[in-house]
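*Asks:*
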């Protein structure tokens, strides 16, 4: 760019644009970028987005056939790492001054990894409650309490699946699988966090492709709704993965409501599963149930 600035105006001006174009093109070719395209391969008119990829994913694209890395070999997105640090800090100490907590989070992500303030504050809001002048971990996010709740929810999914006439399994990389006539119908993972990368951008080692009608569900606390929405807005890879692989988000409380509906059948399930949406997004309709 410095060299470009040295090119004189006048008849040599077009050379400036050619030079800059060449520099940008070579930089894009050399960088580990993933291309996200709105259109089908070989079609024109779609919008292309370029994303700085992890080295292991430099050759991957969400628009390519499913060749995603397994969960053991992918670096989580920055937003997932920020969420994990916020949770870790709130667990480690019983009370934080708001400004001190934010500054401590930023100290973990120096230089080019520095997250935007909106992301940090949304993570803090998702996991904390204010008491006077300090912030504390939400009581429901106490690790032993959450672990017990997640075990109970998995048991609830087993009971509900059997009641609806599905064959139920608890294996194959998912917390609970509902099968119909031997084929995957609903696949559930229950999570206390909304670390979306391990689910949307990677595959479990025992991942099964499933048929067209398979519904993948991530069951999460309802208090994470704002954080999920922000992550999907700031990372187009996540929103497109939701649309491509048929993901749906289900709130803990909504699952309990479904369990209480004694007249619920598998046909009504398709309708009521989306009655408590976590996320409303134009690009990808992502019901958080």
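Residue numbers (our numbering): 1 to 289.
Glycine included, each C-beta is placed from N, C-alpha and C at the ideal position.
1. If I measure Cβ to Cβ from residue 41 and keep anything under 6 Å in the same chain, skipping five residues before and after, which residues do I get?
2. Can the beta-carbon of residue 236 be found closer than 9 Å to that of residue 76?
3. Whole angstroms are fine: how far does the CA of residue 136 sit from the CA of residue 20?
4. Which ranges does the alpha helix (DSSP H) cover as unbroken runs of at least 4 residues, wholly within the segment 86-151, from first to last along the chain?
5. Determine whether the beta carbon atoms of residue 89 and residue 78 lie at a separation below 9 Å.
6. With 16 as the cutoff for other CB atoms within 10 Å, does residue 114 come out buried or exposed?
7. Comparing C-alpha positions only, which one of 168, 105, 81, 192 sits nearest to residue 221?
8. Could you tell me the boundaries of the beta strand (DSSP E) in which residue 185 lies?
9. Please report how far the alpha carbon of residue 134 lies from the alpha carbon of residue 214, in whole angstroms.
10. Along the alpha helix (DSSP H) that carries residue 252, what are the first and last residues, could you check?
11. Run the CB neighbour count on residue 124, radius 10 Å, all protein chains shown included, and call it buried at 16 or more, exposed below.
12. Whole angstroms is fine: what's the gap from residue 225's alpha carbon to residue 26's?
13. List the DSSP bridge partners of residue 168.
14. Report buried or exposed for residue 120, applying the criterion of at least 16 other Cβ atoms within 10 angstroms of its Cβ.
15. Taking the alpha-carbon of residue 194 as reference, which of 219, 183, 117 has the nearest alpha-carbon?
16. Could you give the distance in angstroms between the alpha-carbon of residue 155 and the alpha-carbon of residue 268?
17. Are residue 131 and residue 95 touching if we call contact CB-CB under 9 Å?
18. For residue 166, which residues from the same chain have a beta carbon less than 8 Å from its beta carbon, with the 5 sequence-adjacent residues on both sides left out?
19. Which two residues bound the contiguous alpha helix (DSSP H) that contains residue 272?
20. State buried or exposed for residue 83, treating a residue as buried only when at least 16 other CB atoms are found within 10 Å of its CB.
21. May I ask you to report which of helix, strand or coil DSSP gives residue 76?
22. DSSP three-state call for residue 196: helix, strand or coil?
23. With DSSP run on the structure shown, which of helix, strand or coil describes residue 235?
24. Figure out for me which residue from 169, 163, 152, 164 has the closest Cα to the Cα of residue 190.
*Replies:* To lay it out plainly:
1. Mapped onto the chain shown, residue 41 falls at position 41. In this predicted model, residue 41 has a pLDDT of only 45, less than 50, meaning its place in the structure is not dependable enough to derive any value.
2. Along the chain shown, one-based indexing puts residue 236 at 236. Along the chain shown, one-based indexing puts residue 76 at 76. Contact flag unset, no.
3. The count along the chain shown starts at 1 and reaches residue 20 at position 20. The count along the chain shown starts at 1 and reaches residue 136 at position 136. Roughly 51 Å between the two C-alpha positions.
4. 98-107, 117-127
5. By one-based count along the chain shown, residue 89 stands at place 89. By one-based count along the chain shown, residue 78 stands at place 78. No.
6. To locate residue 114, count along the chain shown from 1; it is residue 114. By the 10 Å Cβ count, residue 114 comes out exposed.
7. Taking the first residue of the chain shown as position 1, residue 221 is located at position 221. It is 192 whose Cα lies nearest to the Cα of residue 221.
8. Mapped onto the chain shown, residue 185 falls at position 185. Counting along the chain, the beta strand (DSSP E) containing residue 185 begins and ends at 183-190.
9. Walking along the chain shown from the start, residue 134 turns up at place 134. Walking along the chain shown from the start, residue 214 turns up at place 214. If you take the alpha carbons of residue 134 and residue 214, they lie about 45 Å apart.
10. Indexing the chain shown from 1 puts residue 252 at position 252. Taken as a continuous stretch (DSSP letters only), the alpha helix (DSSP H) holding residue 252 covers 252-260.
11. Here the question's residue 124 lines up with position 124 in the chain shown. Buried, since its Cβ has 16 or more Cβ neighbours within 10 Å.
12. The residue you call residue 225 lines up with position 225 of the chain shown. The residue you call residue 26 lines up with position 26 of the chain shown. Near 40 Å, if we compare the C-alpha coordinates of residue 26 and residue 225.
13. Position 168 of the chain shown holds residue 168. Per DSSP, 178.
14. As a first step, residue 120 must be located in the chain shown, where it is residue number 120. With 16 or more Cβ atoms within 10 Å of its Cβ, residue 120 is classed as buried.
15. By one-based count along the chain shown, residue 194 stands at place 194. Per the Cα distances, 219.
16. Translated into positions along the chain shown, residue 155 becomes position 155. Translated into positions along the chain shown, residue 268 becomes position 268. Cα to Cα, residue 155 sits roughly 21 Å from residue 268.
17. Residue mapping note: residue 131 aligns to position 131 of the chain shown, counting from 1. Residue mapping note: residue 95 aligns to position 95 of the chain shown, counting from 1. In contact: residue 131 and residue 95 (Cβ atoms closer than 9 Å).
18. Translated into the one-based positions of the chain shown, residue 166 becomes position 166. Answer for residue 166: 178, 179, 180, 185, 186, 266, listed in chain order.
19. Mapped onto the chain shown, residue 272 falls at position 272. From DSSP, the alpha helix (DSSP H) with residue 272 extends over 266-272.
20. As a working note, residue 83 is residue 83 in the chain shown. Label assigned to residue 83: buried.
21. Translated into positions along the chain shown, residue 76 becomes position 76. It is coil, neither helix nor strand.
22. Position 196 of the chain shown holds residue 196. In the structure shown, residue 196 sits in coil (DSSP, three-state: anything other than H, G, I, E or B).
23. Residue numbering aside, residue 235 sits at position 235 when the chain shown is read from its first letter. Looking at residue 235 - three-state DSSP - the assignment turns out to be coil, as it is neither helix nor strand.
24. What you label residue 190 is simply residue 190 of the chain shown in a count that begins at 1. Closest by alpha carbon: 152.
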